[in-house]
Every structure is written in C-alpha cells, then in structure tokens.
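Some notes on the structure that comes next.
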Amino acid sequence: MIFAVTRLRVRLMSRSSLVLICLLLLQPLLRAASPPPTPTKTSEVLVVAGGPTEEQVKPKRFVETSGADSYLSYGSFSLMSRQPIDEPHEVVIWSRYAAGLSFFELTPLIGVFGDIHNVEDLRLTLLGPTPDKAKTTENLDDQQRLQALVDKNDARESKSVRWQRQVALQEMTRFDIRDLNGLFARYWRQKEFARAPSTHLSASQLIQLFEIPDAGRDESARWTSFVKFLNDKNLSTPILRTKILSGSETRLFGYIRWIVKEDVTKAGGEILVAANSLEPETITATLDIQYEPSFFTRALDLIPTTLITTLIGLVGTLGGATIGYKFFLYQQDRLRQMELEKKFADKKIELARQIRMFFTDNYENLRNSEDEDVEKVRQIRMTLIDKDIYPILLTAEIAKLNAICDPKCAISGTRIEALHQLLERNFAEFMV
Amino acid sequence: MTEGNKRVLSECFSLLEHPFEPQGDPRRNLDFQALGVSLAKTLDVFKVKELGAFLVRTGPFETGINTIDGFLDGLPAGGDAPAFLIEGSKGVGRSTMANYIASRIKERNQDKASLYEITVGSEHFGKLLFTIKAKIAAHIRKFQVSDCDDALNSYSEIAINPQDPSQEFLLQIFTDLRACLAGAPPLVLVIESINFMRQDWIEKLSDALGQLNVVLIFLTEDPRVRNHFVALRNGALLKGIEVRLTPLDRQMAEDFLKARLEAFRADQTPLDRAGLFPFVSQVLMEAIPPGKTIGIKLLEYIVHGAFNMKVEELAPKFPAPNQEPNPPIMLEQMVIPFEYLKRYYASSLRSGN
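For the protein sequence lines, the chains are A and B, in the order given. Here our numbering is used: position 110 in the first sequence is 121, and no number is missing along the way. Here our numbering is used: position 215 in the second sequence is 221, and no number is missing along the way.
Here it is, written out as structure tokens:
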C-alpha cells in the first residue's frame, strides 16, 4: 500500500517538472513572437538635441523701439528618428514661458528623402521610374510635374512618398526652383550645413544657407536681412508642424525671439517637441542678456550693500515716521475739531434762549437798518459779542466773521449776505 | 482879562468880545455872567433862548436841528409826550442838542418846562426809576402841580427801598401820577446814556412816562440803540424822532469858526480881518486833514487855547492904554500858526479827550 502511494507521487512530480522545463525552453520564442511595447514619450522615438547653444545679439537696426533696448535671441536644435520608419513621425514644436519665440526649419529637405546621392535618385524618389509620357510631351518642368503629382494625390501611393513630394514642392515653390537639379543642390547644401562641425549659428551661415542676396556687411545688418527674409517667405511660425521620415539623418531647426526690455538680464523659456502626440521632450532655452549698466547702477554698485540696506531702512523709517507724524497731526486736528464742535453744540444749548432772543429782538432790526452794509455787519458783530454768542463760535468761523466786518477785506457779494450765511451755517435752528 | 488882551482883541482881531469865552453879547444886549451861562460850556438854550444864535448851524447840527424842528412842527397837541434819541460820541454836541430840544419843548408850552439830566450810573432799572421819581417830585414842586401828593407818596421810601428800588412800586406811582401830570408843564429828562444792554429801557420808560407829559431824551453812543429806537418808532411803539450827530470835518469846522468869530466882529471890521481870521484855512487843514473829523468840543478846546496863546503873545506889545505898539504889529504876526493848534491838539490826545 505505502509503495503504491509513493510511486504515484513520483509520477505526478515528474509530469509538472516537465511542463515547467518546456515553458522555460520556449520563453525566448514566445517573447520574439509578441509585439514590441508602445512608446509613451517622444524621447523614445526621436533623438532631440540642442538648446544650450542659444546666442543673442543686440542689433540696433532690427526694430525701432521707444528707448528700450531690444535683443534678438536665436539658437538651433536637431531631431532625428531613433530608427528607420515606414510612415513619417508627426512632429509638433512649440514653446512655453518664452513669448515671441518662433521656429523655422534650417534643413527641411533632410530627414525626408533618406540617403540620396544624386539627382537621379531624387528624381526616382519624387517622380517615380516611369514618368507620364503624356505629361513629358507637354514640356513641363520638374516643379510642374511635381505639382501635378501632388495635385493628383494618389491614395495608392504611400504616405511617405506623398510627404516627400509635398516637402519638395514646397521648397521648390518657396525658392523658385524649377528643376530637380536645383532642388538636389539645395538638398546637398542643407546636408553639408547639417554636417558642419560648428554648433553656433551665425548670420553669415544662415545667409549662405538660404542664399539671401545683399545681406549687408556686419553681423547686425545680416541678422536684419535674415529676419526680413523669414518674414517675407513666411518661414517662421510660433507652432511648427512637420514630419520626419529618415532615421539616419539629423534634421535642424532654428528659432528666434525678440526681447524688448531694458532691465531684463535673464529670459527663460522652454521649447517643446512632441512626436505623434506623445509626451513632449523639453529643451531649455534660457537667455542671459548682457547690457551696459547705467551710471546710476554703476554708482550704486560701488556703495556697499550694507550701506544701501541701512540707507533704505533709514529712508523707510523716516518716511514711516513722517507719514505717522502727519497722520498723528491730522488725527489730533480732527479730534480737536470734533471736541470744539461738540463744545460749540453744548454752548448753543446752554445759550439757546439768548441766541433765540438775539434773532428775534436784534438781528432783523440791525440787518434791515438804513446803515451802510459794513456798519450793519459791525453792529451785528458787536451784538454777538455783547450777547456772549461771539465767543462760542469756532475759531475758523470767528475769523470769517471778523473778515466780513473788516472793510479792508474783500468779500464776494454783500457783507450782510455773507454774514447771514455764516449765521445760518451756525445757528440755523434759531433763525426760524 | 487885561487891558492888553482887550486891545489885542479889538485892535488886532477886530473883535468886540473874546469869541470863545465872551462876557456877553453886546449886539443882543446879553450879559452871560449875569445870566449864568457861558459859550465855553454846553449852550444852555433852554435857559437863555437867545443862545440859540450861537448854535452850530452846519453839517450834522444843521440836519439835526432841521429834523427836530420838522418833527415838533408836525407834532399834534395832546397825546403822549414824545421821546428823542441823540446818537453820537461824547464831545460832538449831544448835550447842546438835547438842550435845544428841551428849549423847543419849552417854547411849545408857553415857556414852561423843567429840564433835568440823569446820568445812568448802574444797570439797575429800578434805581433809574427812583431817580426819575425824584425829578418828577422836583418838577411838581417847581410848578406846584396839585393833587399829586397822594400818588407821589403812595409808597414810602422804605417800602420802595432806595438800595434796591422796587420797579413795581415806582411804576405804579407813575401810573397814579398820570391824572395830575397830564395837564402840567412838560418835564424834559435827558437820560445819559443808553447803551445796547439798556436799550429795552427806552420802551419801558416811554410807556411809563409818556402819559405824564415827561419828554425823554435818550443819549447814546451806540448806533444799534438808534436802530432799536427806529424799530420802535416804525412799529408805533413810541412817538419820537432820532438825531445822529457826527464829528465835524474841516469845512464844517471852518464854518463853525467863521460863525463864532463873525458873531463878535466889530461893525467896522477891515476886510483882511474878517471871516476866519486869525485862523488860516491852510493851518486848519493841517490840523484836520482831509477825511478826518473832529468833535466840536475838541475843536473848540483847540482853537480856544490857540487863540488865547496868540492873544497872550501879542498883549505885551501894548505897554500902556491908548498907546500904539512900538514897533507896530504886522498882519502876519496875528495869524495863529499850526504849532499853536498842534500844542492843544497833542495835549488833548495825551489827555485822551
């Protein structure tokens, strides 16, 4: 019985071990047969390089700004597909935290055609092996033929070919290139530019690359010409959309931006590159602006920081103290005024009968007497004094009353009317 | 007055008498000393009617006299006695004007009237009433008005209490006196003076005394009292008229001087010694610059003093009676210089007159 059970366990263990061993042996085959993982980041499909090579110039003739210094910041970066692909990567380039930044393609023909060695290769790529005879008899040039193929937009052809034709036609149209020899020359120039060891853009290089005539002699003038060229040809844009086909060639892009601020010493920003809507790759584009400090700034730099801090503190303290003192005075004045007004109100109540008698028994007689105006007001003033009403008036009102009664003081309107208004202002409740 | 002084007056200035302190008026045959009056004091026209000729008839005096005359001429007989108010500062002739009013009242009543001046010494209205009661009593005695004793003595002095006189008792006495005094000669009372705080007394006194044939003449320096009086008059609360006296300007001063000097000039006065002589208009202009005024009392004091100085200066030049001065006195020596006026003017300022 015991022997039988043991034999059964050995048999079962042997079967499970065999299955496990088989699985281990078949694992590489299974892995090769499964599809590759889908990329999630742009960096997984594109090699993005550049950014730190950013340069800046301070041209005087670029723009006319009202007294403020203006800077042209520029730089370049490159993109390349990590591996050969059948369909082009859709690439979008834009910027963040960098106002006024626009992009342009330095080598739009690179990364589109793969490795082309001569015109025939280019012709074969763009126009195909058997050109349409009917079209050739019409004596069309290469640009027109290419235009015809682009217009035809044959869906049977691959997206890559259609993209290559579109790029080629665009380049030929922009630079007025009629045949593929010219396009190839341009392709070759761009290729040599991309292979150039220099990592810094210069206006001269760009002028040469884009074959801009009459670009000027100095760097500033050349930049002016180049920027004008970009604007005229609509080559720069804040959001650049393009496609990359080749996995063996580096595609170069340039960017420029204006900074028109006098006191900015550092301008930050980021360039974002996204392929096929994947998580974008970021290129830092930071600009350090060197400017000539003003005399005041230089003079300020000579003063020790502690002294400036002390002075600022002192000025702040003094300013605060002055404001505080002024406010204190205002507050005191206001309180005093309120106190006086209250006292005046109290006194009016205290002398209510006397004041009322003044207006009923004396005021009208004096006001309507046949005396001259100045005599009338003097008599009323004397009565106010005799009736002890004058002393309860506020100081400012007393001064006005005295001025009204002083023949040397000019009064607008009649004196008696001015006095009546003053009394109304102070004793209106007793005058009715 | 020495013989030399008299000769200076007559021979130098062609004056019959000293113009500012005459002993009499030869033309009107008045002996001021005998009559107990003096031109150097308030003109007592009430006592000597002829003194009216010496009243100042210029500027505010002329206006005032015309106003008084016009009022009294239009005043109907009977009814309450009128009240008057003379406004002006001291020294402008208020007492003289009050005297003139009293003389006119007297004249209207067959030259029968009494005149008393009452100086208000306190703010106690009862004391004023008590004083008035005494004056009324004197007036009754003077004219032997009958049937007044009962009313006058209805309250004893002890009951009235002279220290703090009872207004009620005194007013009751005045009410009781109406019957006996209504037909009696008028009593003129000059109340000096009514200030603003006492202006209510005007109405009270008029009410209490009007029917007693007591003519009240209030003197005041305060123009507000005049306006109050006008308001009472316009409100028919009293019957009366107000007069305002102001200081004299230079032209008025000259008119006064001319009138006074002319009143005593000899009949055969040479032309060069008539008019303002020995005062010179230019000198007066220096004493009273244009725009400035002067009270008549002060003016009289100054010119009187300056005139006396000149008389005293020239008197020694007449050593014996009927003897001509040697050397003869020239006309320019008789002119009164500004310095003489200034001396009195300055001293008057120092003394605060």
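Built from N, CA and C at the ideal position, the CB exists for glycine as well.
DSSP-derived helix/strand/coil call for residue i
i: Asp278 of chain B; result: helix
i: Met393 of chain A; result: helix
i: Tyr350 of chain B; result: helix
i: His100 of chain A; result: strand
i: Lys146 of chain A; result: In this predicted model, Lys146 of chain A has a pLDDT of only 49, less than 50, meaning its place in the structure is not dependable; the value taken from the coordinates is given anyway. Lys146 of chain A falls in the helix class under three-state DSSP.
i: Arg114 of chain B; result: helix
i: Arg268 of chain A; result: strand
i: Arg107 of chain A; result: strand
i: Val236 of chain B; result: helix
i: Ala256 of chain B; result: This sequence places Arg at residue 256 of chain B; Ala is not what is there. DSSP places Arg256 of chain B in helix when its eight states are reduced to three.
i: Gly424 of chain A; result: coil
i: Val178 of chain A; result: helix
i: Gly125 of chain A; result: coil
i: Thr226 of chain B; result: strand
i: Lys411 of chain A; result: helix
i: Leu121 of chain B; result: strand
i: Ile223 of chain A; result: coil
i: Asp153 of chain B; result: coil
Neighbour flag for residue i against chain A, beta carbons, 8 Å
i: Phe202 of chain B; result: yes
i: Val236 of chain B; result: yes
i: Arg230 of chain B; result: yes
i: Asn233 of chain B; result: yes
CB contact below 8 Å: residue i versus chain B
i: Thr333 of chain A; result: no
i: Met393 of chain A; result: yes
i: Gln390 of chain A; result: yes
i: Leu434 of chain A; result: no
i: Leu517 of chain A; result: This structure gives no information on residue 517 of chain A, because the portion of chain A shown stretches from 12 to 443.
i: Ile427 of chain A; result: no
i: Asn413 of chain A; result: no
i: Asn437 of chain A; result: no
i: Leu377 of chain A; result: yes
i: Glu383 of chain A; result: no
i: Asp357 of chain A; result: no
i: Asp397 of chain A; result: yes
i: Glu408 of chain A; result: no
i: Glu352 of chain A; result: no
Minimum C-alpha distance to residue i - residue among the options
i: Glu260 of chain A; options: A:Asp190, A:Phe124, A:Phe441; result: A:Phe124
i: Gly97 of chain B; options: B:Lys47, B:Gly76, B:Asp75; result: B:Lys47
i: Leu183 of chain B; options: B:Pro82, B:Glu306, B:Val151, B:His130; result: B:Val151
i: Gln154 of chain A; options: A:Asn129, A:Ala207, A:Asn192; result: A:Asn192
i: Ser113 of chain A; options: A:Trp269, A:Ile360, A:Gln342, A:Ala410; result: A:Trp269
i: Lys170 of chain A; options: A:Leu137, A:Ala159, A:Val130; result: A:Leu137
i: Ile335 of chain B; options: B:Phe285, B:Ile200, B:Glu17; result: B:Glu17
i: Gly297 of chain B; options: B:Pro253, B:Val62, B:Asn115, B:Leu263; result: B:Pro253
i: Arg436 of chain A; options: A:Ala407, A:Ser84, A:Cys420; result: A:Ala407
i: Phe237 of chain A; options: A:Glu168, A:Met393, A:Ile218, A:Lys354; result: A:Ile218
i: Ala190 of chain B; options: B:Lys303, B:Val54, B:Asn115; result: B:Asn115
Supposed contact pair residue j and residue i - C-beta distance, whole angstroms, cut 8 Å
i: Lys254 of chain A; j: Glu101 of chain A; result: 6 Å
i: Ala89 of chain B; j: Lys245 of chain B; result: 7 Å
i: Leu433 of chain A; j: Leu412 of chain A; result: 6 Å
i: Arg197 of chain A; j: Leu120 of chain A; result: 7 Å
i: Thr382 of chain A; j: Pro229 of chain B; result: In the sequence under discussion, the amino acid at residue 382 of chain A is Asp, which differs from the Thr named in the question. At roughly 7 Å, the Cβ-Cβ gap stays under 8 Å, so Asp382 of chain A and Pro229 of chain B are in contact.
i: Ala321 of chain B; j: Thr73 of chain B; result: Between Thr73 of chain B and Ala321 of chain B the Cβ distance is about 43 Å, and since that is not below 8 Å, they are no contact.
i: Lys331 of chain A; j: Tyr108 of chain A; result: In the sequence as displayed, the identity of residue 331 of chain A is Gly instead of Lys. Not really, about 38 Å apart at Cβ, beyond 8 Å.
i: Phe324 of chain B; j: Pro331 of chain B; result: 6 Å
Beta-carbon proximity of residue i to residue j, cut-off 8 Å
i: Leu135 of chain B; j: Phe52 of chain B; result: no
i: Leu91 of chain B; j: Glu248 of chain B; result: yes
i: Val194 of chain B; j: Ala108 of chain B; result: yes
i: Asp372 of chain A; j: Phe202 of chain B; result: no
i: Ile366 of chain A; j: Ile400 of chain A; result: yes
i: Ser172 of chain B; j: Gly132 of chain B; result: yes
i: Leu290 of chain B; j: Glu268 of chain B; result: no
i: Pro66 of chain B; j: Arg250 of chain B; result: yes
i: Pro28 of chain B; j: Phe38 of chain B; result: yes
i: Ala280 of chain B; j: Arg266 of chain B; result: no
i: Glu198 of chain B; j: Leu238 of chain B; result: no
i: Phe53 of chain A; j: Ala286 of chain A; result: According to the sequence shown, residue 53 of chain A is Thr rather than Phe. Contact flag set, yes.
i: Arg194 of chain A; j: Ala179 of chain A; result: Correcting the residue identity first, residue 194 of chain A is Leu in this sequence and not Arg. Against a cut-off of 8 Å, the Cβ pair of Ala179 of chain A and Leu194 of chain A comes out as a contact.
i: Glu56 of chain B; j: Leu36 of chain B; result: yes
i: Arg93 of chain A; j: Val59 of chain A; result: no
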